[in-house]
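Each remark here refers to the structure printed beneath this line.
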Amino acid sequence: SAVISQKPSRDICQRGTSLTIQCQVDSQVTMMFWYRQQPGQSLTLIATANQGSEATYESGFVIDKFPISRPNLTFSTLTVSNMSPEDSSIYLCSVLPLDSGKTDTQYFGPGTRLTVL
Amino acid sequence: LAKTTQPISMDSYEGQEVNITCSHNNIATNDYITWYQQFPSQGPRFIIQGYKTKVTNEVASLFIPADRKSSTLSLPRVSLSDTAVYYCLVGDLLGGSYIPTFGRGTSLIVHP
């Protein structure tokens with residue numbers, strides 16, 4: 098298993114500013130993912146955070162808007178840049194433990210609730 | 071990518087067995103089927119995973135027919151605390167670039 102913490106848990110930001118969300122895991126993991134979940138909706142994968150290399154972004158998400166870092170096997174950040182009200186959402190990180198093998202047993206953080214005014 | 075289809079919502083009563091079916095017609099040979107549970111204001115939580123036939127753990131059972139084009143999550147004797155959204159995912163973690171894709175999920179409401 099893995100315990101994931103996210104900071105901040107919530108924030109209210111002004112449009113045009115940027116917010117960096119941190120994801121910390123209590124053990125080394127293989128894969129780390131960042132998702133967005135809008136109220137009442139399902140989760141949408143933003144990107145896979147790769148350790149030591151550029152993140153892999155899904156369709157509709159670009160590095161300039163959502164830069165991601167993953168300096169080691171237990172930590173990652175997601176920045177939401179030049180925010181607009183449309184970016185208001187819950188942002189979740191998830192991880193796959195090293196011993197997950199070929200099974201998708203993702204562990205999720207508690208999420209960061211972002212409101213952009 | 072294997073796309074999944076689930077009922078949008080289901081209602082049940084305490085003590086009943088609930089079965090939620092997920093369709094994944096274009097599941098690939100190496101894909102596994104995984105179910106997650108999400109409560110409001112929390113991240114999803116892993117429930118169960120399987121490849122074929124039947125899998126059971128302390129929380130649920132997962133039934134997968136031979137053609138693997140669908141799967142059924144079975145929750146025995148639900149309680150109010152089982153009210154949540156349930157998602158099924160299919161994918162091959164070791165098949166190169168893995169892209170976990172959540173469908174719309176099934177909102178289960180358990181009534182007293």
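Top line first, the protein sequences correspond to chains A and B.
Residue numbering for the first sequence follows my numbering, beginning at 98 and increasing consecutively.
Residue numbering for the second sequence follows my numbering, beginning at 71 and increasing consecutively.
The beta-carbon is built from N, C-alpha and C at its ideal position, and this holds for glycine as well.
Asked, Found
"Contact between the region 190-210 of chain A and the region 80-88 of chain B is defined here as three or more beta-carbon pairs at a separation below 8 Å; is this criterion met?", "no"
"Given a cut-off of 9 Å, decide if B/F116 and A/Q203 are closer than it, judged by their beta-carbon atoms.", "yes"
"My understanding is that A/L170 touches A/Q148, with C-beta atoms under 8 Å, so please give their C-beta distance in whole angstroms.", "6 Å"
"Among residues of its own chain, excluding the 5 on either side of A/R133, which ones have a beta-carbon nearer than 8 Å to its beta-carbon?", "L140, T141, I143, S186, I187, Y188, L189"
"Quick one: is A/T114 near chain B, going by C-beta distance under 9 Å?", "no"
"Can you check whether the C-beta of A/P105 is within less than 9 Å of a C-beta belonging to chain B?", "no"
"Any beta carbon from chain E within less than 9 Å of B/S140's own beta carbon?", "Any reference to chain E falls outside this structure, whose protein chains are A and B."
"Given this structure, state the Cα-to-Cα distance separating B/K139 from B/H94, to the nearest angstrom.", "5 Å"
"Among A/Q125, A/W131, A/S181, which residue has its Cα nearest to the Cα of A/T114?", "A/S181"
"If you run the structure through DSSP and keep just helix, strand and coil, what is A/L195?", "helix"
"Please state whether the Cβ-Cβ distance between B/V129 and B/T153 is less than 9 Å.", "no"
"Rank A/L214, A/S178, A/T174, A/N179 by C-alpha distance to the C-alpha of A/G208 and give the top, closest one.", "A/T174"
"Grouping DSSP H, G and I as helix and E and B as strand, with all else coil, what is A/D108?", "strand"
"Could one say the Cβ of A/I101 lies closer than 9 Å to chain B's Cβ atoms, at least one of them?", "yes"
"Tell me whether B/D152 sits in a helix, a strand or coil according to DSSP, three-state version.", "helix"
"Within the region 137-195 of chain A, note down every full beta strand (DSSP E) run reaching 3 residues or more, in order along the chain.", "140-146, 165-169, 172-177, 186-194"
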